[in-house]
Amino acid sequence: MIRVTRLGGEQYVINSELIETLEATPDTVIRLTTGKNVVVKESIDEIIDKIIQYKQKVFSQSIILNKDSGNGV
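Residue numbering for the sequence shown follows this note's numbering, starting at 5 and increasing by one per position.
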């Protein structure tokens, strides 16, 4: 999940796994696999950075959990 800001200023959380495309028109439009579009203040690069940070966090937690469970992964 990543946090983005709609043009009106309200915070919105999106499941990054559902992002199909990002487009700058000049506002950033996030198109989801559900067909819904969300227009946000963040740039495409900022959204990509948020996705990378989220995936790194999930991956690092997965490693910790697997290590603690004795799976050795």
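The C-beta atom is built at its ideal place from N, Cα and C for all residues, glycine as well.
Do the segment 39-49 and the segment 57-65 meet, that is, are 3 or more Cβ pairs less than 8 Å apart?
No contact exists between the segment 39-49 and the segment 57-65.
Going by beta-carbon coordinates alone, are E24 and R7 separated by less than 8 Å?
Not in contact: E24 and R7 (Cβ atoms no closer than 8 Å).
Helix, strand or coil for L22 per DSSP?
It is helical.
Can you tell me whether DSSP reads D27 as helix, strand or coil?
What sits at residue 27 in the sequence shown is Glu, not Asp. DSSP places E27 in strand when its eight states are reduced to three.
Return the bridge partner residues of T9 from the DSSP annotation.
Paired residues: Q15.
So if DSSP puts I34 in a beta bridge, which residue, or which two residues, is it bridged to?
L26, V42, per the DSSP bridge assignment.
Which of the three DSSP states is assigned to S47 in this structure?
It is coil, neither helix nor strand.
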